[in-house]
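Engineer: So in the working numbering, spot 20 of the sequence shown is number 27, and the numbers just go up one at a time.
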Amino acid sequence: MAKKCIIIVNEQHCLFNEQKELLLKKYQIEGEIKVPTNGWNLKKIREIASSLIGKQVVFVSPVPALMALMQTSEDTTGTHRVPFKVFHNSVREKKQLPDGRIIQTAAKTGWELV
């Protein structure tokens, strides 16, 4: 049976098919935490870090402060490290916006779970 995980993703993002496949090969998705567009304040991030003790977490959208706090989350039983994985993709695609600007975004393929 696959391990359970909680995924953390910005509310404006969604998983690419390749990301879903990678996740489902290794994990059963137990839940999802949506990161609001405006983010969270540090108090909320601390609360979330504490709530994740004992869980496996996968970041689809990184939240640096949460990642740092998960390395030393505390509860009534002491200090814990919360294991987590992140998606990585070195491949970028160029896109031209309607105003002529060219931007680079992560490709839909080439994802790794590290």
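Just so you know, even glycine gets a beta-carbon here, dropped at the ideal spot from N, CA and C. Remember, it's a predicted structure, so these values are computed and weren't measured experimentally.
Could you name the residues that DSSP lists as bridge partners for Asn-17?
Structural biologist: Locating residue 17 in the sequence shown gives position 10, counting from the first residue. According to DSSP, which records beta bridges pairwise, Asn-17 is partnered with Val-42.
Engineer: Would you mind working out which of Lys-62, Gln-111, Lys-101 sits nearest Arg-88, comparing C-alpha positions?
Structural biologist: Looking up residue 88 in the sequence shown gives position 81. Nearest of Lys-62, Gln-111, Lys-101 to Arg-88, Cα basis: Lys-62.
Engineer: Between which two residues does the alpha helix (DSSP H) containing Ala-72 stretch?
Structural biologist: Start at 1 with the first residue of the sequence shown, and residue 72 comes out as number 65. Ala-72 -> alpha helix (DSSP H) spans 71–77.
Engineer: With a Cβ-Cβ cutoff of 9 Å, do Val-128 and Val-70 count as a contact?
Structural biologist: This structure does not reach residue 128, given that the chain is present from 8 up to 121, and the question cannot be answered.
Engineer: With distance defined between alpha-carbon atoms, name the residue in Glu-39, Leu-59, Ala-72 nearest to Asn-48.
Structural biologist: Translated into positions along the sequence shown, residue 48 becomes position 41. Ranking the options by Cα distance to Asn-48, first place goes to Ala-72.
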